[in-house]
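Everything below concerns the one structure shown next.
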Amino acid sequence: MVAAILVLVVSASAFLHENAPGSATSFSYSLSSKAATVKVKYDREQASQVEKYIDSCLQPEIVFGGEHTVKKDVQISSGVNYHIKASPGALKITADKSDNDTHALNKLRSICEGLRSVVKP
């Protein structure tokens, strides 16, 4: 009985930590030998602002278009190809170095920096 209560408390705590407003906000930009990656965790309540910002950065491509959860490849132009995985509260954009030029990798870094002004802690 005590073990069941402990499991319930731990599960509830983990759920609240991940889904509560004001959850930890984090930004990362990483560059490996194969890819550049942006990862952002933010309050789910800010999803519409993040979605609008990403759509504005990747015009004329529309990434979200009313959807809040996406997993897609986006090709804006020759040399700019991103893989985007997002859901309210989480965003990951990956640019494979073999499919992207220097401009595309720099653009991805700029998107990450711009998200810092869009996402409020």
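Reading the sequence shown from the start, the letters are residues -16 to -1, 1 to 105 in mature numbering (1 follows the signal peptide of the UniProt record, and there is no 0). Note that CB positions come from ideal geometry on N, CA and C, so glycine has one too.
Selection from T78, S16, Q30 that minimises the alpha carbon distance to V103: Of T78, S16, Q30, the residue nearest in Cα terms is Q30.
Cβ-based burial, L99 [other Cβ within 10 Å; buried from 16]: Result: buried.
Exposed unless 16 or more other CB atoms sit within 10 angstroms - verdict on A20: Looking at its Cβ environment, which holds 16 or more other Cβ atoms inside 10 Å, A20 is buried.
Q59 (DSSP reduced to helix, strand or coil): Residue state, collapsed to three classes: strand.
Within 9 Å, strictly: CB atoms of A74 and K23: Yes; because the gap between Cβ atoms is below 9 Å, this pair is in contact.
Residue environment, L42, which counts as buried when at least 16 other CB atoms sit within 10 Å: That one is buried.
Rounded C-alpha distance that separates S16 from A88: Rounded to whole angstroms, S16 to A88 spans 15 Å at the Cα level.
Cα-Cα separation, S32 to D80: Separation of S32 and D80 (C-alpha to C-alpha, rounded to the nearest whole angstrom) is 27 Å.
C-alpha gap between A70 and H52, whole angstroms: Roughly 7 Å separates the two Cα atoms.
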